[in-house]
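These notes concern the structure reproduced below.
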Amino acid sequence: MVVLAAAAVCVMLVLTLTMTSLAQAQSTTPRLSSSAQGQLIAAVDGVWVHQDRVQPGASVGAGSSIKTDASGRARFTFLHATSLQIAGNTELQVERLLSSGTDRRVRAVVLNITRGVGRLVVDGQSGEADTDEVAVIRSADGGVVVLESGTLDVVASGNRLVAVMRSGRANCRGADAQMLSLDDSAQSPVCVLSGGGVRPSLLSVAMDRVIDERLSFPPSSIAHRQTDAGKALVDYAVNDLSASGEDKQQRLQRQSDPDNREGLTPFIVRQLLQSGTR
Numbered sequence: 020m021v022v023l024a025a026a027a028v029c030v031m032l033v034l035t036l037t038m039t040s041l042a043q044a045q046s047t048t049p050r051l052s053s054s055a056q057g058q059l060i061a062a063v064d065g066v067w068v069h070q071d072r073v074q075p076g077a078s079v080g081a082g083s084s085i086k087t088d089a090s091g092r093a094r095f096t097f098l099h100a101t102s103l104q105i106a107g108n109t110e111l112q113v114e115r116l117l118s119s120g121t122d123r124r125v126r127a128v129v130l131n132i133t134r135g136v137g138r139l140v141v142d143g144q145s146g147e148a149d150t151d152e153v154a155v156i157r158s159a160d161g162g163v164v165v166l167e168s169g170t171l172d173v174v175a176s177g178n179r180l181v182a183v184m185r186s187g188r189a190n191c192r193g194a195d196a197q198m199l200s201l202d203d204s205a206q207s208p209v210c211v212l213s214g215g216g217v218r219p220s221l222l223s224v225a226m227d228r229v230i231d232e233r234l235s236f237p238p239s240s241i242a243h244r245q246t247d248a249g250k251a252l253v254d255y256a257v258n259d260l261s262a263s264g265e266d267k268q269q270r271l272q273r274q275s276d277p278d279n280r281e282g283l284t285p286f287i288v289r290q291l292l293q294s295g296t297r
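Position 121, counted from 1, in the sequence shown is what the working numbering calls 140; the numbers after and before it change by one each time, with no gaps.
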């Protein structure tokens, strides 16, 4: 009996140590939450979430499939400082919320835009001290674009994802681990993710005009706004189609990068890989 009691005590001790180790490991690994909540704050014509037509005020979360028809426009907010505006004929999925509290406190909404045009705006601050907020866009070929701050346009078609830097700072990482940085001073403010790699590109006047036109909300859309009728639906001049150098410089100055977060993109990519998300 004494031997059995001693064995039982040893088993309980081992179980306790194992549970403690697991708890410590869980506290130091990235958490993938199923509650990546967002909200539709403006819409025009057909906007669907999970095949249900929705109106401003509707909530979206991890796993939500979002789609617009040819004339649809929509704007969503996520977390504290991230917004997404999408044009007509756009499809995407809200994959999840990446939250890490290890060496660096970071929150990121992970999106998979499979078709269409979108505009992401991130001001970089999550509303909590010492916490960065970023947006991650996955490409079909395994690459990612990490918007650390500012405004970024994305155009998705097939296995090709084009990211256009408007202001702030972003990084593009191909599936081959090659990385390209984009910021206000970049000579090539565009990256193309396709075929598992990443390459720089330039934005033509025609493509710039097409992106702006597709994302613009018509004046009649004021009736679809949920709150604050005086607040602009976009964060910079999408209706100003001038392609002059002066205008471009003004647009780049509309939102500046508030901090230098060098190394944030490799950190985010590492968390995605550790969590099993490419």
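Each residue gets a CB set at the ideal place from its N, CA and C atoms; glycine is no exception.
Helix, strand or coil, according to DSSP, for V229 in the structure here? Taken through DSSP and simplified to helix, strand or coil, V229 comes out as helix.
Cα-Cα, which of D71, V63, A81 and R218 is closest to G57? A81
Alpha-carbon spacing of G65 relative to Q112, whole angstroms: Going by the C-alpha atoms only, they are around 17 Å apart.
Report the residue from K86, S223, T101 and F95 whose alpha carbon sits nearest the alpha carbon of S78. F95
With distances taken from CA atoms, which of L98, D231, T109 and L139 is nearest D88? Considering only alpha carbons, the answer is T109.
Within 7 Å, strictly: CB atoms of N7 and R157: Since the first and last residues shown for the chain are 20 and 297, residue 7 lies out of range.
Can you name the residues that DSSP bridges to V104? Looking at the sequence provided, one finds Gln at residue 104 rather than Val. Answer is R94 and R138, bridged to Q104.
Check whether the Cβ atoms of L201 and M226 sit closer than 7 Å, and answer yes or no. no
Measuring CA to CA, which of L221, S235 and V129 is closest to G162? V129
Here's the rule I'm using: 16 or more other beta-carbon atoms within 10 Å means buried, otherwise exposed. How should E167 be labelled? buried
Skipping 5 residues on each side, what residues in its chain have a beta carbon closer than 8 Å to that of H69? S83 and S84
Under DSSP, the beta strand (DSSP E) around G57 begins and ends at which residues? G57 to V63
Exposed or buried, S235, counting other C-beta atoms within 10 Å across all chains shown (16 or more means buried)? That one is buried.
Going by DSSP in three states, L222 sits in which element: helix, strand or coil? Here L222 carries a coil assignment [DSSP, helix/strand/coil].
Alpha carbon to alpha carbon, how far is G76 from A61? 8 Å
Assuming G193 and L212 make a contact with CB atoms under 8 Å, what is their CB distance in whole Å? 6 Å
Within 7 Å, strictly: CB atoms of L117 and A106: One thing to note: L117 has its Cβ no nearer than 7 Å to the Cβ of A106.
Give the single residue among G135, F97 and D231 whose Cα lies nearest to the Cα of K86. G135
I think D195 touches G169, with their Cβ atoms under 8 Å apart; what is that distance to the nearest whole Å? Rounded, the Cβ-Cβ distance is 26 Å, inconsistent with contact.
In chain order, what residues of the same chain have a beta carbon less than 6 Å from the beta carbon of N92, not counting five sequence neighbours either side? A small correction: the amino acid at residue 92 is Arg; Asn does not occupy that position in the sequence shown. If we look at R92 and ignore the five residues flanking it on each side, its Cβ neighbours are V63 and F236.
Pull up the distance between the alpha-carbon of S176 and that of A182, whole angstroms please. 12 Å
Whole-angstrom distance between D71 and P208, CA atom to CA atom: 37 Å
Buried or exposed (CB count within 10 angstroms, at least 16 for buried), I287: By the beta-carbon neighbour count (other beta carbons within 10 angstroms, threshold 16), I287 is buried.
Quick check on the burial criterion: 16 or more other C-beta atoms within 10 angstroms. Buried or exposed for L139? The residue is buried, with at least 16 neighbouring Cβ atoms inside 10 Å.
Starting from A182, trace the beta strand (DSSP E) both ways and give me its first and last residue. Run containing A182: R179 to R192, per the beta strand (DSSP E) assignment.
Distance between V229 and L59 (C-alpha atoms, nearest Å): 24 Å
Please name the residue in L180, T150, V73 and P219 whose C-alpha comes closest to that of A159. L180
Less than 7 Å separating the beta-carbons of D142 and A100? Yes. Within cutoff.
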